[in-house]
Amino acid sequence: MSEPTISIGLFYGSTTCYTEMAAEKIQGQLNTLFDEEVVTLHNIKDDSLSLTQHYDIVIFGISTWDFGELQEDWESHWEEVHTLNLDGKIIALFGLGDQYGYADWFQDALGMLHDAIAPSNCKVIGHWPNSGYEFTQSKALNEDKTHFVGLSLDDENQFDQTDERIAQWCEQILVEMSS
Numbered sequence: 003m004s005e006p007t008i009s010i011g012l013f014y015g016s017t018t019c020y021t022e023m024a025a026e027k028i029q030g031q032l033n034t035l036f037d038e039e040v041v042t043l044h045n046i047k048d049d050s051l052s053l054t055q056h057y058d059i060v061i062f063g064i065s066t067w068d069f070g071e072l073q074e075d076w077e078s079h080w081e082e083v084h085t086l087n088l089d090g091k092i093i094a095l096f097g098l099g100d101q102y103g104y105a106d107w108f109q110d111a112l113g114m115l116h117d118a119i120a121p122s123n124c125k126v127i128g129h130w131p132n133s134g135y136e137f138t139q140s141k142a143l144n145e146d147k148t149h150f151v152g153l154s155l156d157d158e159n160q161f162d163q164t165d166e167r168i169a170q171w172c173e174q175i176l177v178e179m180s181s
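According to our numbering, the sequence shown holds residues 3 to 181 in order.
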């Protein structure tokens, strides 16, 4: 079997398996779109974030906990996030949150992760429209407040939309990767 033409590292932290399931769906969708196995999953509970150095394209998955807090595996590696060399890489982000139970902190960890990597000389792709969500505040909104800085999933309240959102987002980032 030949080497894939492109290699994508997908790094995620998951406490309740929802982020892991989303990561697996994204992996499957992108592998289907590329018609080959291009995405390698890395659970940061077990794998170092330094493995990002082996990829030109990196996807990060994070969930927001409680009142705008980081998921525990990301919290354990937070200092490492700030030291990653992401120069020249293409980065996409996705997050999970609860827009009704935690409307004042919806997707805050996604925004914090974006802000941690933004100073790097990397290209962040995959901004996602904030229409179709009900929340009060979010650190994950872009400057004009019309998009999240990455794919926003709410498996607590909108599980029935997750697969379609993932499919659309994967199509979107595929186009953005090559532009």
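Every residue, glycine too, gets a C-beta built ideally from N, C-alpha and C.
Asked                                                                                                         : Found
Residue interval of the beta strand (DSSP E) (run including G30)                                              : Per DSSP, G30 belongs to no beta strand (DSSP E); it is in the alpha helix (DSSP H), 20-36.
E173: CB within 7 Å of a non-hydrogen atom of the ligand MN                                                   : The ligand MN is not part of this structure, which contains no ligands at all.
C-alpha distance - W107 paired with V83, whole-angstrom precision                                             : 21 Å
4-residue-minimum alpha helix (DSSP H) runs that sit fully inside the stretch 71-114, ordered along the chain : 74-78, 80-83
Per-residue DSSP class, three states only, for F161                                                           : helix
Residues near K125 in its chain [Cβ-Cβ closer than 8 Å; skip 5 each side]                                     : K91, I92, I93
Sub-8 Å separation of G70 and D110 beta-carbons                                                               : yes
Uninterrupted beta strand (DSSP E) stretches inside the stretch 112-180 (no shorter than 3 residues)          : 125-127, 153-155
Sequence-distant residues of the same chain with beta carbon closer than 8 Å to Q73, five excluded per side   : G15, S16, T17, T21, I64, S65, T66, W67, A111
Beta strand (DSSP E) segment containing Y14, residue limits                                                   : 10-14
Anticipated Cβ contact below 8 Å, L12 with Q31, distance rounded                                              : About 11 Å; that fails the 8 Å criterion.
Beta-carbon spacing of P131, H149 below 8 Å                                                                   : yes
Per-residue burial, T34 [other beta carbons within 10 Å of its own, 16 or more giving buried]                 : exposed
Boundaries of the beta strand (DSSP E) in which L43 is found, first to last residue                           : 41-45
Burial state of H129 (16 or more Cβ within 10 Å)                                                              : buried
Pick from K27, E39, E26, M23 that is closest to T7, judged by C-alpha positions                               : E39
Residue range of the beta strand (DSSP E) that includes F69                                                   : Run containing F69: none; DSSP gives neither H nor E here.
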